[in-house]
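Trainee:
Protein chains: 2
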Amino acid sequence: MFSETEQAPPPRLTREWILRSALRLIDDEGAAALTMRRLAAVLHASPMSLYHHVPSREALLDGLSEVMVAELHIDSNQAWPELLANFMRSIRSVARRHPDAFRLVGMRPLTTPGSLPPIESVVGALMDGGIEPRHAVSTFRAAVAYARGYALAEIEGFTLDPQTSPATSPDADQDRPALPHLDQVLRSAATSDQEAIFEFGVAALIDGLHRAVRLGPGPGRGS
Amino acid sequence: MFSETEQAPPPRLTREWILRSALRLIDDEGAAALTMRRLAAVLHASPMSLYHHVPSREALLDGLSEVMVAELHIDSNQAWPELLANFMRSIRSVARRHPDAFRLVGMRPLTTPGSLPPIESVVGALMDGGIEPRHAVSTFRAAVAYARGYALAEIEGFTLDPQTSPATSPDADQDRPALPHLDQVLRSAATSDQEAIFEFGVAALIDGLHRAVRLGPGPGRGS
DNA sequence: TACGGTACTCGTACGTCGTACGATGTCAAC
DNA sequence: GTTGACATCGTACGACGTACGAGTACCGTA
Chain E
1 MFSETEQAPP PRLTREWILR SALRLIDDEG AAALTMRRLA AVLHASPMSL YHHVPSREAL
61 LDGLSEVMVA ELHIDSNQAW PELLANFMRS IRSVARRHPD AFRLVGMRPL TTPGSLPPIE
121 SVVGALMDGG IEPRHAVSTF RAAVAYARGY ALAEIEGFTL DPQTSPATSP DADQDRPALP
181 HLDQVLRSAA TSDQEAIFEF GVAALIDGLH RAVRLGPGPG RGS
Chain R
224 MFSETEQAPP PRLTREWILR SALRLIDDEG AAALTMRRLA AVLHASPMSL YHHVPSREAL
284 LDGLSEVMVA ELHIDSNQAW PELLANFMRS IRSVARRHPD AFRLVGMRPL TTPGSLPPIE
344 SVVGALMDGG IEPRHAVSTF RAAVAYARGY ALAEIEGFTL DPQTSPATSP DADQDRPALP
404 HLDQVLRSAA TSDQEAIFEF GVAALIDGLH RAVRLGPGPG RGS
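Protein chains in written order, with our numbering: chain E, 1 to 223; chain R, 224 to 446.
Structure (structure tokens):
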């Protein structure tokens with residue numbers, strides 16, 4: 001059929017395809033596995049071939065954030081508070097779907113133009129909902145900040161994780177734990193789940209934002 | 224005095240000292256400069272000498288987050304809403320002081336026991352303020368999530384940065400910009416500063432949390 | 001049919017990274 | 001003086017990102 005060195009380039013190397021494969025590679029084998037060589041191997045190509053579609057490894061990572069942004073789900077047919085809440089849930093959802101990639105990429109700017117349309121639609125909804133432009137940026141940023149921060153913390157494993165926290169174990173012989181509040185808090189937190197804690201913050205933030213844009217004087221300290 | 228290969232080990236190599244130097248190195252020369260070799264050079268030591276105090280480069284990064292946590296400033300003599308607000312400001316402040324390090328380290332778990340006391344004191348303030356234990360975790364996490372997320376976004380440069388945003392430039396010949404809402408929003412946002420936008424979110428979040436812990440039924444969706 | 005150019009692929013090689021391994025040096029206790 | 005623990009270091013290995021230039025396939029034009 002084929003000579004041993006030959007292989008038709010059936011899924012012809014493509015920026016799009018490279019990015020998708022990179023994401024899959026990370027999902028399957030962890031962040032450390034994302035190497036130009038490993039990635040090339042997965043694609044049955046030479047490492048250097050990738051460089052005709054992606055200028056550098058750094059650019060590849062930027063591209064990764066692009067495809068993750070594309071996975072965000074935004075339903076514009078909602079009042080802005082619910083839309084914003086769903087937007088935050090969507091961010092967390094993407095993070096949980098691609099934890100290692102989110103970590104790699106969650107802390108780098110979204111500079112690619114492809115990431116703007118989703119933002120536009122969210123900000124648009126805010127303004128259509130009657131929020132003034134200057135409040136819209138603040139509101140949007142607050143939502144993204146909370147969602148990103150929470151997702152990152154969740155991925156890493158919370159410091160305050162009832163299951164694994166060292167706060168309950170070390171040197172707390174029996175009574176009089178070294179960190180009494182944490183001890184008590186973690187005991188009670190063990191019964192409530194991650195979902196609920198995330199939603200607690202979502203609700204609180206949206207509630208606060210709702211009141212702020214309704215009566216706030218400026219993007220600064222109200223009152 | 225000294226043979227040319229000799230050098231007295233005056234600031235004897237120490238985990239503490241290594242971590243401090245690593246942080247300084249990153250602050251001065253960027254994240255890419257943090258190499259076992261470069262770091263060793265700064266310390267006038269051999270790369271391998273570091274490994275007697277730090278098991279690996281990964282562990283060194285974990286240690287870095289430890290020293291950054293130590294820089295958090297917490298004033299316990301305040302009502303919890305103001306304390307929490309100041310805690311968030313402190314997180315952002317550390318991030319701005321060590322942007323590259325925060326980026327490197329901001330997305331990895333705080334698993335070292337040294338990071339617990341600060342948390343204990345914040346959570347303690349929440350509970351002393353009358354917040355129920357299960358609400359305390361949620362409240363704490365929400366605050367950290369927002370502050371971390373905001374600080375990260377700020378470090379990277381916001382996607383929605385009035386100065387540099389591509390939203391106002393590309394293909395928007397003159398009128399009818401491709402992304403009308405963003406265009407409008409960025410124009411007006413140019414007048415408000417970063418400080419104010421951060422504080423807007425802080426105020427909104429704290430306000431929302433305040434109301435949630437006051438009347439919320441559980442850590443979940445409160446009606 | 002021939003040809004020139006463009007787009008893509010690849011092999012080789014360089015410098016740098018993290019770090020395993022074992023030798024060397026230093027010093028306190030006996 | 002001898003011993004042993006501990007800290008330091010020199011060397012070396014494999015893997016990394018990627019610069020460079022040589023191939024190879026394909027296309028429009030003559």
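A virtual CB, placed ideally from N, CA and C, is assigned to each residue, including glycine.
Please report the straight-line C-alpha distance between E:A125 and E:N77, rounded to a whole angstrom.
Mentor: Indexing the first sequence from 1 puts residue 125 of chain E at position 125. Indexing the first sequence from 1 puts residue 77 of chain E at position 77. So the two alpha carbons sit approximately 9 Å from each other.
Trainee: Just curious, the alpha helix (DSSP H) that R:I249 is in, first and last residue?
Mentor: Here residue 249 of chain R corresponds to residue number 26 of the second sequence, with the count starting at 1. Note, R:I249: alpha helix (DSSP H), 238-252.
Trainee: Taking E:Q184 as the query, report the chain R residues whose CB atoms sit under 8 Å from its CB, ordered along the chain.
Mentor: Translated into positions along the first sequence, residue 184 of chain E becomes position 184. Chain R residues near E:Q184: M350, P356.
Trainee: DSSP three-state label for E:V69, please.
Mentor: Position 69 of the first sequence holds residue 69 of chain E. Correct three-state label for E:V69: helix.
Trainee: Taking C-beta to C-beta, are E:A142 and R:G253 nearer than 8 Å?
Mentor: Numbered from 1 along the first sequence, position 142 holds the residue referred to as residue 142 of chain E. Numbered from 1 along the second sequence, position 30 holds the residue referred to as residue 253 of chain R. Taking 8 Å as the Cβ cut-off, E:A142 and R:G253 do not qualify as a contacting pair.
Trainee: Please state whether DSSP places R:G431 in a helix, a strand or coil.
Mentor: If you number the second sequence from 1, residue 431 of chain R lands on position 208. The answer is helix: DSSP assigns R:G431 an H, G or I state.
Trainee: Nearest chain E C-beta to R:F310 closer than 8 Å, yes or no?
Mentor: Here the question's residue 310 of chain R lines up with position 87 in the second sequence. R:F310 does not count as touching chain E.
Trainee: Give me the Cβ distance between E:V69 and E:S115, rounded to the nearest whole Å; I'm assuming they're in contact under 8 Å.
Mentor: Residue numbering aside, residue 69 of chain E sits at position 69 when the first sequence is read from its first letter. Residue numbering aside, residue 115 of chain E sits at position 115 when the first sequence is read from its first letter. At roughly 4 Å, the Cβ-Cβ gap stays under 8 Å, so E:V69 and E:S115 are in contact.
Trainee: According to DSSP, is R:F381 helix, strand or coil?
Mentor: Locating residue 381 of chain R in the second sequence gives position 158, where the first residue counts as 1. Here R:F381 sits in coil by DSSP.
Trainee: In this structure, does DSSP put E:P47 in helix, strand or coil?
Mentor: Along the first sequence, one-based indexing puts residue 47 of chain E at 47. Note: E:P47 maps to helix in three-state DSSP.
Trainee: Check for me: the alpha helix (DSSP H) holding R:L306 runs from which residue to which?
Mentor: Locating residue 306 of chain R in the second sequence gives position 83, where the first residue counts as 1. Where R:L306 is concerned, the enclosing alpha helix (DSSP H) stretches over 303-320.
Trainee: Please report how far the alpha carbon of R:L409 lies from the alpha carbon of E:G130, in whole angstroms.
Mentor: Residue numbering aside, residue 409 of chain R sits at position 186 when the second sequence is read from its first letter. Residue numbering aside, residue 130 of chain E sits at position 130 when the first sequence is read from its first letter. Going from the Cα of R:L409 to the Cα of E:G130 covers about 17 Å.
Trainee: Going by DSSP in three states, E:H53 sits in which element: helix, strand or coil?
Mentor: The residue you call residue 53 of chain E lines up with position 53 of the first sequence. DSSP places E:H53 in coil when its eight states are reduced to three.
Trainee: Return the first residue and the last residue of the alpha helix (DSSP H) that E:A33 is part of.
Mentor: In the first sequence, the residue the question calls residue 33 of chain E occupies position 33. Segment: none, E:A33 is in no alpha helix (DSSP H) and carries neither H nor E.
Trainee: E:Y224 to R:S269, Cα distance in whole Å?
Mentor: This structure cannot settle anything about residue 224 of chain E, because the visible part of chain E is limited to 1 through 223.
Trainee: Per DSSP, what kind of secondary structure is R:G329 in: helix, strand or coil?
Mentor: Numbered from 1 along the second sequence, position 106 holds the residue referred to as residue 329 of chain R. It is coil, neither helix nor strand.
Trainee: Can you look up E:P117 in the DSSP assignment and give me helix, strand or coil?
Mentor: Residue numbering aside, residue 117 of chain E sits at position 117 when the first sequence is read from its first letter. Here E:P117 sits in helix by DSSP.
Trainee: Who are the near neighbours of E:F158 in its chain, counting only those whose CB is closer than 6 Å to its CB and skipping five residues on each side?
Mentor: Residue 158 of chain E sits at position 158 when you count from the first residue of the first sequence. Closer than 6 Å at the Cβ level, and outside the excluded window around E:F158, lies no residue.
Trainee: Residues of chain R with a CB under 8 Å from the CB of E:R141: which are they?
Mentor: As a working mapping, residue 141 of chain E is identified with position 141 in the first sequence. Going along chain R in sequence order, the residues near E:R141 (Cβ under 8 Å) are Y373, A376, F381, L383, I420, G424.
Trainee: Three Cβ pairs or more, each shorter than 8 Å: is that satisfied between the region 86-101 of chain E and the region 50-57 of chain E?
Mentor: Touching, no.
Trainee: Under 8 Å Cβ-Cβ, which residues of chain E neighbour R:S313?
Mentor: By 1-based counting over the second sequence, the position of residue 313 of chain R is 90. Those within 8 Å of R:S313 in chain E number zero; the least Cβ separation is about 15 Å.
Trainee: Between which residues of its own chain and R:R371 is the CB-CB distance below 7 Å, once the five residues before and five after are set aside?
Mentor: The residue given as residue 371 of chain R occupies position 148 in the second sequence. Counting only Cβ-Cβ distances below 7 Å, and skipping sequence neighbours, we find I314, G329.
Trainee: How many whole angstroms separate the CB atoms of R:I420 and E:S138, which I take to be in contact at a CB cut-off of 8 Å?
Mentor: The count along the second sequence starts at 1 and reaches residue 420 of chain R at position 197. The count along the first sequence starts at 1 and reaches residue 138 of chain E at position 138. Right, their Cβ atoms sit about 5 Å apart.
Trainee: Determine the direct distance from the alpha carbon of R:L248 to that of R:L474, and round the result to whole angstroms.
Mentor: Look at the range of chain R in this structure, 224 to 446, and you will see that residue 474 of chain R is not part of it.
Trainee: Which residues in chain R have a C-beta closer than 8 Å to the C-beta of E:D100? List them in chain order.
Mentor: Along the first sequence, one-based indexing puts residue 100 of chain E at 100. None at all; the shortest Cβ gap to chain R is about 11 Å.
Trainee: Indicate whether at least one CB of chain R lies closer than 8 Å to the CB of E:I119.
Mentor: To locate residue 119 of chain E, count along the first sequence from 1; it is residue 119. Interface residue, yes.
Trainee: What separation, rounded to the nearest whole angstrom, lies between the Cα atoms of E:T40 and E:D27?
Mentor: Residue mapping note: residue 40 of chain E aligns to position 40 of the first sequence, counting from 1. Residue mapping note: residue 27 of chain E aligns to position 27 of the first sequence, counting from 1. Before going on, a small fix: residue 40 of chain E reads as Ala here, not Thr. Approximately 16 Å between the Cα atoms of the pair.
Trainee: Which class does E:S76 belong to by DSSP, given the choice of helix, strand or coil?
Mentor: By 1-based counting over the first sequence, the position of residue 76 of chain E is 76. Coil.
Trainee: Pick helix, strand or coil for R:S235, following the three-state DSSP scheme.
Mentor: For this step, residue 235 of chain R is matched to residue 12 along the second sequence. The sequence given here has Arg at residue 235 of chain R, not Ser. R:R235: coil per DSSP, three-state reduction.
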